[in-house]
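Down below is the structure, laid out as structure tokens.
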Amino acid sequence: MDNAVEAGRKAIKGLTNMLPVLIGVVLLVGFIKTVTPQSLYTGLFQQNQVLDSLIGATLGSFLTGNAATSYILGGELMDKGIGLLPVTAFLVSWVTVGVVQLPAESILGKKFAIIRNVTSFVLAIGAAAVTVFILGLLSV
Amino acid sequence: MNPQNRQKKPKSSNTQWYFLSVVALTYLVLGFVNYDIVFNSLITSKNIFLKILPALGVIFAVMMLVNYFISQKTVKKYLGVSSGVKRWPIAIISGIISTGPIYVWYPLLNDLRKKGLGYGFIATFMYNRAVKIPLLPLLIYYFTPTFTGVLLGVMISLSVLQGLFFVQLEKAGVL
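Residue numbers (numbering that gives the first Met the number 0), protein chains in the order written: chain A, 0 to 139; chain B, 0 to 174.
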């Protein structure tokens, strides 16, 4: 019983920690959606799969925060007509690459931290490509 | 308590509240400049929030279950003592079920590293931390269950690939 209460307490704490960021992001996305024209997104993403994936993965690598934020941003990018490939690269790099956390990760060894982040960046694009490829096969 | 054994507790941060305050303040200031934009932004935000609200309920339930069944001690126990091929699925599962911010895990991983855990398993563990079970309902909501399933499968496979790459680097003396 005590464990269940403790688990509930931790879950409430986790959600409470997450909510301000989530509400803030939703408010920001709401604002950005209202004031930015469609052309801004189509301007940033060039409709070139390789280049767009690089842009998506780079954005995800530098932005940081709860994964839920990336899902909301990714979903809204899709609504704006951005392709699944760059959005997937964005989602994966958000959670696997941490440029901001690199100094903290260096506790495990500077070389390890740098190589892990570089390979994770490359793998984010790879993961996106393979995922979209498999989804394409499944939809045939 | 022996001072050497005393671990530094991460300071609790209010960054998330500062972030929300800055956004709210921006809305307030903009409201004086252009009320229509703020009003339309709030309507759009409300619609987005209503969209994700059901997923938040599921997230809470899954978070509670994860907290009930899994602790950092459990992860440390399995990741630290297992050996051989068994370590790969353990690194994957430990990464998936581990909770909390990543910086909380750095000292523990460093500790396990000193006790002989290879970089390959650490890399696999860290890659799988990207798979957030409590947040899956939100991912499914935005990107369909098929997309979520395929992406998770691909990421788990790539985590092992990255781990194997680090095993080779370690063998070659690069790390």
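A virtual CB, placed ideally from N, CA and C, is assigned to each residue, including glycine. It should be emphasised that the depicted structure is a prediction, and the values quoted were computed from it without experimental measurement.
Mark residue i as exposed unless 16 or more other C-beta atoms lie within 10 angstroms of its C-beta, in which case mark it buried.
i, result
"A:Thr143", "With chain A covering only 0 through 139, there is no way to say anything about residue 143 of chain A."
"B:Val149", "buried"
"B:Gln3", "Here B:Gln3 scores only 42 on pLDDT, less than 50, and its place in the model is too uncertain to base an answer on."
"A:Ser92", "buried"
"A:Arg115", "buried"
"B:Lys8", "With a pLDDT of only 47 at B:Lys8, under the threshold of 50, the placement of this residue in the model should not be trusted; the figure read from the coordinates follows. It is exposed - the Cβ of B:Lys8 has fewer than 16 other Cβ atoms within 10 Å."
"B:Gly115", "exposed"
Quick check: what's the CA-CA separation for residue i versus residue j?
i, j, result
"A:Ile81", "A:Val24", "19 Å"
"A:Phe89", "A:Ile124", "9 Å"
"B:Ile42", "A:Leu62", "26 Å"
"A:Asp1", "B:Leu55", "24 Å"
"A:Thr33", "B:Val166", "49 Å"
"B:Leu29", "B:Val37", "7 Å"
"A:Glu104", "B:Asp35", "45 Å"
"B:Gln6", "A:Gly13", "With a pLDDT of 44 at B:Gln6, under the threshold of 50, the predicted position of this residue should be treated as unreliable, though the coordinate-derived value follows. Distance between the alpha carbons of B:Gln6 and A:Gly13: 22 Å."
"A:Gly74", "B:Tyr141", "6 Å"
Spatial neighbours of residue i within its chain, please: C-beta separation below 6 Å, excluding the five flanking residues on both sides.
i, result
"A:Leu76", "Val86"
"B:Leu108", "Ile121"
"A:Val99", "Thr63"
"A:Thr68", "Val24"
"B:Asp110", "none"
Closer than 8 Å by beta-carbon distance: list the chain A residues that pair up with residue i, in chain order.
i, result
"B:Tyr105", "Ala103, Glu104, Ile106 and Leu107"
Report the neighbours of residue i on chain B: residues whose CB is nearer than 8 Å to its CB, in chain order.
i, result
"A:Lys110", "Val173 and Leu174"
"A:Ser119", "Tyr126 and Gln161"
Whose CA, out of the options, lies closest to the CA of residue i?
i, options, result
"B:Arg128", "B:Trp16, B:Leu157, B:Gly117 and B:Lys113", "B:Leu157"
"A:Gly97", "A:Leu134, A:Val131 and A:Gly59", "A:Gly59"
"B:Ile91", "B:Val153, B:Thr145 and B:Thr143", "B:Val153"
"B:Ile155", "B:Phe48, B:Ile95, B:Arg86 and B:Phe68", "B:Ile95"
"B:Ser44", "A:Gly55, A:Leu26 and A:Leu50", "A:Leu26"
"B:Arg112", "B:Thr143, B:Phe31 and B:Leu174", "B:Leu174"
"A:Lys79", "A:Leu18, A:Ile22, A:Ala10 and A:Gln46", "A:Gln46"
"B:Gly117", "B:Gln161, B:Ile101 and B:Thr143", "B:Gln161"
"A:Gly55", "A:Ile133, A:Ile31, A:Ser138 and A:Ala128", "A:Ala128"
"A:Leu122", "B:Leu134, B:Phe48 and B:Val159", "B:Val159"
Under 7 Å Cβ-Cβ, which residues of chain A neighbour residue i?
i, result
"B:Lys113", "Simply none; closest approach about 11 Å."
"B:Tyr34", "Ordered by position in chain A, no residue passes the 7 Å Cβ test against B:Tyr34, which lies about 12 Å from the chain."
Between residue i and the rest of its own chain, which residues show a CB-CB distance below 7 Å, the 5 nearest in sequence each way excluded?
i, result
"A:Thr130", "Thr87"
"B:Tyr17", "none"
"A:Ile22", "none"
Please compile the residues from chain B whose C-beta is within a distance smaller than 9 Å of the C-beta of residue i.
i, result
"A:Gly29", "Asn39, Ser40, Leu41, Ile42, Thr43, Ser44, Lys45, Asn46, Ile47 and Phe48"
"A:Pro85", "By Cβ distance, chain B contributes nothing, its closest Cβ being about 14 Å from A:Pro85, past 9 Å."
What residues of chain B sit near residue i, judged by a beta carbon separation below 7 Å?
i, result
"A:Thr95", "Tyr126 and Ala129"
"A:Pro19", "Gln15, Trp16, Phe18 and Leu19"
If you drop the 5 nearest sequence neighbours on each side, which residues of the same chain put their C-beta closer than 8 Å to that of residue i?
i, result
"A:Ser119", "Ser92, Thr95 and Val96"
Along chain A, which residues have their Cβ under 9 Å away from the Cβ of residue i?
i, result
"B:Thr145", "Leu134, Leu137 and Ser138"
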